[in-house]
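Residue numbers for the sequence shown follow the working numbering, so the first one is 454 and each next one is one higher.
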Amino acid sequence: MIVVLVEVSPAGEAVETSREAITFARDLSAAGGGVPIDAVVIGAPDDALAGVLASYGVRRVHALTGPAYDAFSGAAWATGVEHVRASAGAVVVMASGTPRGNEVLAHLGARAAVPMAANVVSFGGLSPFTVTRQVVGGSALEEMQLSQRPALFTVAGHAVEARPADAPGAGELVVETPAVPDADLVARVVSTDEPEPDLSGTLKSAKVVVGAGRGAGSAEGFDDLLELVDLLDASLGVSRVVTSLGWRPHHEQVGQTGSRISPDLYIPCGISGAIQHWAGCSSAKAILAINTDPDAPMVTKATHAVIGDLHEIIPAVNAEIRRRRG
454 MIVVLVEVSP
464 AGEAVETSRE
474 AITFARDLSA
484 AGGGVPIDAV
494 VIGAPDDALA
504 GVLASYGVRR
514 VHALTGPAYD
524 AFSGAAWATG
534 VEHVRASAGA
544 VVVMASGTPR
554 GNEVLAHLGA
564 RAAVPMAANV
574 VSFGGLSPFT
584 VTRQVVGGSA
594 LEEMQLSQRP
604 ALFTVAGHAV
614 EARPADAPGA
624 GELVVETPAV
634 PDADLVARVV
644 STDEPEPDLS
654 GTLKSAKVVV
664 GAGRGAGSAE
674 GFDDLLELVD
684 LLDASLGVSR
694 VVTSLGWRPH
704 HEQVGQTGSR
714 ISPDLYIPCG
724 ISGAIQHWAG
734 CSSAKAILAI
744 NTDPDAPMVT
754 KATHAVIGDL
764 HEIIPAVNAE
774 IRRRRG
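Below, the structure is given as structure tokens:
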């Protein structure tokens with residue numbers, strides 16, 4: 454049996470990466486002969502949420518409630534997930550590769566003295582159970598055997614596409630209040646500030662993203678890039694150095710400390726392609742790099758590349774698009 458920790462948005466919806474993790478679990482279940490999948494959610498029971506998870510093939514939804522679960526605590530959540538795992542006899546526990554998912558499963562691994570694989574993108578053989586995961590900020594892949602039980606791993610964002618099951622699960626809603634020792638609550642969220650408006654949603658869902666790095670030259674060097682964004686009905690994404698220099702706002706940053714994107718086409722202009730940036734764009738289906746350096750990491754990893762100055766190439770591209778559109 455497989456247990457999946459599902460993170461829930463403030464609006465009460467299963468976040469996309471958790472739905473991706475359930476999809477991954479369903480593929481794993483099919484390979485193992487159709488073992489059942491249970492989900493763990495933290496907070497008050499919600500019939501609508503249970504219905505959505507049922508459509509993804511979940512047999513049972515365990516809603517963990519009580520004061521110990523009112524605010525996030527990695528150790529407390531791990532205690533609750535372990536309670537569900539032990540009760541159900543699950544041999545696999547999964548979560549999405551978010552900060553919370555990785556923290557909770559790391560606690561589980563430490564307590565059970567078994568390894569935890571973070572940011573898994575695929576699985577191979579089942580005996581021994583083998584997974585492939587992203588390492589070094591997503592710039593390399595590592596194959597890892599999880600021969601001990603329970604097998605613990607998180608699924609990298611966008612490793613699979615979230616898709617409902619052909620045959621829905623029962624989605625039985627079970628409310629539980631597992632006891633949590635005081636020691637598990639030493640480190641926990643004690644207050645929350647309202648975040649700034651999230652303007653990164655459009656960037657994360659864009660089919661085309663035009664990227665810009667140090668090669669833009671200055672805050673004034675974005676006019677042609679912004680015109681290309683408009684012509685392609687795209688979104689603008691930038692490297693960390695651009696936001697650090699104050700040329701563009703942080704919500705446009707792509708990378709390990711920014712947004713992770715998976716567009717059909719990514720056009721990084723003047724971006725060298727450091728590991729941290731690559732971690733945010735490696736899921737793009739195609740990459741067209743524009744750079745003066747033919748040996749830049751982004752160029753060598755790109756699907757296609759144009760070697761030259763973006764301030765010469767982008768205006769020419771814009772002019773050609775305008776010409777063809779009349």
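Idealized CB from N, CA, C, for every residue including glycine.
Environment of residue i [buried if 16+ CB atoms lie within 10 Å]
{"i": "residue 554", "result": "buried"}
{"i": "residue 556", "result": "buried"}
{"i": "residue 491", "result": "buried"}
{"i": "residue 502", "result": "buried"}
{"i": "residue 538", "result": "buried"}
{"i": "residue 772", "result": "exposed"}
Contacting residues, own chain, Cβ-Cβ under 7 Å from residue i (five flanking each side not counted)
{"i": "residue 733", "result": "707, 708, 709, 711, 712, 713, 714"}
{"i": "residue 589", "result": "728"}
Own chain partners of residue i with C-beta closer than 6 Å, once the 5 adjacent residues on each side are dropped
{"i": "residue 536", "result": "631"}
{"i": "residue 642", "result": "524, 525"}
{"i": "residue 477", "result": "608, 613"}
{"i": "residue 718", "result": "661, 739"}
{"i": "residue 521", "result": "529, 633"}
{"i": "residue 519", "result": "630"}
{"i": "residue 623", "result": "512"}
{"i": "residue 763", "result": "668, 722, 723, 743"}
Spatial distance of residue i from residue j (CA atoms)
{"i": "residue 474", "j": "residue 509", "result": "10 Å"}
{"i": "residue 600", "j": "residue 527", "result": "25 Å"}
{"i": "residue 671", "j": "residue 731", "result": "22 Å"}
{"i": "residue 760", "j": "residue 702", "result": "27 Å"}
{"i": "residue 611", "j": "residue 735", "result": "10 Å"}
{"i": "residue 697", "j": "residue 729", "result": "14 Å"}
{"i": "residue 726", "j": "residue 758", "result": "13 Å"}
{"i": "residue 615", "j": "residue 506", "result": "12 Å"}
{"i": "residue 483", "j": "residue 585", "result": "18 Å"}
{"i": "residue 558", "j": "residue 646", "result": "26 Å"}
{"i": "residue 573", "j": "residue 767", "result": "37 Å"}
{"i": "residue 500", "j": "residue 512", "result": "14 Å"}
Neighbourhood of residue i by C-beta, 8 Å cutoff - its chain only, sequence neighbours within 5 removed
{"i": "residue 618", "result": "479, 508, 509, 510"}
Proximity of residue i and residue j at Cβ, strictly below 8 Å
{"i": "residue 470", "j": "residue 583", "result": "no"}
{"i": "residue 514", "j": "residue 627", "result": "yes"}
{"i": "residue 603", "j": "residue 565", "result": "yes"}
{"i": "residue 489", "j": "residue 516", "result": "no"}
{"i": "residue 481", "j": "residue 534", "result": "no"}
Limits of the unbroken beta strand (DSSP E) element including residue i
{"i": "residue 547", "result": "545-549"}
{"i": "residue 762", "result": "Segment: none, residue 762 is in no beta strand (DSSP E) and carries neither H nor E."}
{"i": "residue 460", "result": "Unbroken run through residue 460: none, as it is neither H nor E."}
Extent of the continuous alpha helix (DSSP H) to which residue i belongs
{"i": "residue 598", "result": "No alpha helix (DSSP H) contains residue 598, which is instead part of the beta strand (DSSP E) from 593-598."}
{"i": "residue 730", "result": "728-734"}
{"i": "residue 745", "result": "Neither: residue 745 is in no alpha helix (DSSP H) and is coded neither H nor E."}
{"i": "residue 552", "result": "552-565"}
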